[in-house]
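Residue numbers (the working numbering), protein chains in the order written: chain A, 74 to 384; chain B, 10 to 255.
Worksheet for the structure shown next.
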Amino acid sequence: MRPAASVLLLTTLTGFGYGLLAWLGACAALGLLPAGRWLAVGGTALALLFATFGLVASTLHLGRKERAWRAFTQWRSSWLSREGVASVLTYPIAIAFAAAVYRDGGGIAVRLLGALAAAAALVTVFCTSMIYASLKPIRQWHNAHTAPDYLIYAVFSGAVLLALLETAMLGTPGAAARAAALAAAVAWAAKRAYWRHIDAQSPLATLASAIGLPKGTEVKPLDAPHFTENYVLREMGFTIARRHAVKLRRIALLVGFAAPLVLSLLASFSRLPLAATAAALVCAAVGLLTERWLFFAEATHVSALYYGRRI
Amino acid sequence: MTMLPKSPPGAKKLGLVIDLDTCVGCHACAVSCKEWNTKGEAGLLPDYDKYGAEPDGVWFNRIHSYESGAGDGCRTVNLPRSCLHCEDALCVTVCPTGASYKRAEDGIVLVDADKCIGCKLCSWACPYGAREFDEDAGVMRKCTLCIDRIYDKDLPQAEREPACVATCPSRARHFGDLADPQSKVSQLVKKRGGVDLLGELGYRPTNKYLPPRKATIPTAPREAPTGAASGIGGALLKLLDRALSR
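Encoded structure:
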């Protein structure tokens, strides 16, 4: 599948934003927010900023942007529509949460709204993941890894962002850096497990079944319908050289997860906490974009079979 | 509404039956489809870089040619590929706007070009690659089963069929109601063992394909390749060849 910049930005930026909101909300619900109201208020603003950038980026690839409002109507069947609805509903909940923290600093309203904000953020990420997980013709997406993985990467990127925010505002990352390190380890393991899974999968179909011939019939393409690339091949026939994929996977693991893990640990031991948490954020962003690029580039679509491509 | 419709009792299931045994791969159906739909109600079917090095455009119907089997069983199979108007049309349910829909009364899957936001998700949901994006209009396009022909009361009854069916010179394409077991198309599917493409993916396509049949006319054994001519004639030919090659 063609890795379009709009969806790469959408999924990574909203991951950071909703991940941060989930951490703030969950901490507030459990009464674990550090003293002072500005971390939660500023953090919520930052989370919404990230999410908004991501959501705006996602509209860039639309053919008719002026009609984007229509995407809120089909939530009964479409995960894309559900994502739209959930993302919009998250705004008032997040704003109410920040307002409650600003007014009271703590208390039952803060706890309740915090839990609600965290839930809304995670539900939005889940809806995004299901857009991909529900697509039956793409074996690398239509599996049990996609949804939990998206949630794990959001929680990880949110933790990295929270660690930086706490360091910048309070001078010390507190428990956030340790949480980020732990999340990085989980994310590393999840990505490894995902790659093991898709490498072991067998293709969803064969060329014989694609053209209605009995199973096992030997078929090879003779003539394609057209000499140049068409929409289907550009969009669904994207291929990536195996050796490039191996290299990029290594970069994603080392830069995206290993480096933030080490840097977050450094910060938690008060070694240059601001520089370490800032570097962790940059590494996580670069690594996650690489990982997300691969998520698309390595995904194969059944329709490419018709053109004799391997799926 | 992108929920799949509950068909009323007695609803039609209009679709195509395509005979892979008699399709000669001439692309006439694809050309005829392009011609009809580029002037149809839905407006132009775009072409890009028409006279350039990389011509491209939107087609609802694409014809592939394959070689199947090996040795004496080896044959060419031509596959016209277009929307199969699936019963479990994932392209419809993933649509966030309601632009993509399946008609309850006849099962035809359509795109409402006035509602489509061009997010392309429906094309990702289709395993057959049947949807193509219109870069000019910014919306998704697909086969309409020539809905502007098959219901056109101004046309004589015999012409109320999709352009691809009307034009097929080898009569490899058939149009009809696959919900009616007595219809010509249903009978063909029954008699010839019509199959689903990619049945294992569970989209339950309406269109059926009739598999190629075994040749009933014995084919003449292939001539053994002629080796170099021998004897005095061969020597003379060799001499001549050498003289002429100089």
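Note that the Cβ used here is the ideal one computed from N, Cα and C, for glycine as well.
| Unbroken stretches of the alpha helix (DSSP H), 4 residues or longer, contained in the region 270–347 of chain A | 280–283, 304–309, 315–324 and 332–341
| message | List, in chain order, every chain A residue whose beta-carbon is nearer than 9 Å to that of L93/B. | response | What L93/B touches in chain A: nothing, since even the nearest Cβ is about 11 Å away.
| Rounded distance between the beta-carbons of P171/B and R158/B, thought under 8 Å | 6 Å
| message | Against chain B, does T290/A count as a neighbour if the rule is that its beta carbon must be under 8 Å from one of theirs? | response | yes
| said: Can you confirm whether the region 194–209 of chain A touches the region 234–250 of chain A when touching is taken to mean that 3 or more C-beta pairs between the two stretches lie within less than 8 Å? | reply: no
| field | Supposed close pair Y212/B, C83/B - CB separation, criterion 8 Å | value | Between C83/B and Y212/B the Cβ distance is about 30 Å, and since that is not below 8 Å, they are no contact.
| task | Would you list the one or two residues that DSSP bridges to F123/A? | result | None; F123/A has no bridge partner.
| query | Using 8 Å as the limit for Cβ to Cβ distance, is D121/B near chain A? | reply | no
| field | Residue environment, E114/B, which counts as buried when at least 16 other CB atoms sit within 10 Å | value | exposed
| task | Examine chain A for any beta-carbon lying closer than 8 Å to the beta-carbon of S192/B, and answer yes or no. | result | no
| task | List the residues of chain B whose Cβ lies closer than 7 Å to the Cβ of V305/A, in chain order. | result | G138 and E141
| Alpha carbon to alpha carbon, what distance is there between G185/B and D163/B? | 19 Å
| task | Express the C-alpha separation of Y110/B and V120/B in angstroms, rounding to a whole number. | result | 6 Å
| query | Can the beta-carbon of L367/A be found closer than 8 Å to that of R322/A? | reply | yes
| task | Over the uninterrupted beta strand (DSSP E) stretch that includes G78/B, give me the two end residues. | result | Neither: G78/B is in no beta strand (DSSP E) and is coded neither H nor E.
| message | Which same chain residues end up closer than 7 Å to V204/B when comparing Cβ atoms and leaving out the 5 residues on each side of it in sequence? | response | K217, Y218 and P220
| field | Where I241/B falls, given that 16 or more other Cβ within 10 Å makes a residue buried | value | exposed
| Do V198/A and A227/A have their C-beta atoms closer together than 8 Å? | yes
| task | Measure from the alpha carbon of V33/B to the alpha carbon of each residue in L88/B, W45/B and P14/B, then state which is nearest. | result | L88/B
| request: Could you run through the region 255–278 of chain A and flag, in chain order, every residue whose CB is less than 9 Å away from some CB of chain B? | output: L277 and A278
| So is S160/A buried or exposed if we call it buried at 16+ other beta carbons inside 10 Å? | buried
| said: Less than 8 Å between the beta carbons of C155/B and N70/B, yes or no? | reply: no
| Beta-carbon separation of T215/B and L197/B under 8 Å? | no
| task | Decide if K138/A is buried, meaning its Cβ has at least 16 other Cβ atoms within 10 Å, or exposed. | result | exposed
| message | Can you confirm whether A79/B, when its beta carbon is compared against all beta carbons of chain A, has any partner nearer than 8 Å? | response | yes
| request: Take the Cβ of S230/A as the centre, count every other Cβ of all protein chains shown within 10 Å, and call the residue buried at 16 or more, exposed below. | output: buried
| By Cβ distance below 6 Å, which residues in the same chain neighbour T219/A in space, the five residues on each side in sequence not counted? | S202, Y205 and A206
| Q213/A: buried (16+ other C-beta within 10 angstroms of its C-beta) or exposed? | buried
| message | Output needed for E141/B: all residues of its chain with C-beta closer than 8 Å, excluding positions within five of it in sequence on either side, in chain order. | response | V67, W68, F69, S132, M149, R150 and K151
| request: With DSSP as the reference, please indicate the residues paired to L23/B in a beta bridge. | output: D186/B
| With distances taken between CB atoms, is the gap from L83/A to A130/A smaller than 8 Å? | yes
| query | Among E371/A, C100/A, L238/A and A193/A, which one has its Cα closest to the Cα of G116/A? | reply | L238/A
| field | Residue range of the unbroken beta strand (DSSP E) whose run includes S109/B | value | S109 to K111
| query | Three-state secondary structure (DSSP) at L88/B? | reply | strand
| request: Just mark K43/B as buried or exposed, buried being the case when its beta carbon has 16 or more other beta carbons within 10 Å. | output: buried
| query | Which partner residues does V120/B have in the DSSP bridge list? | reply | S109/B
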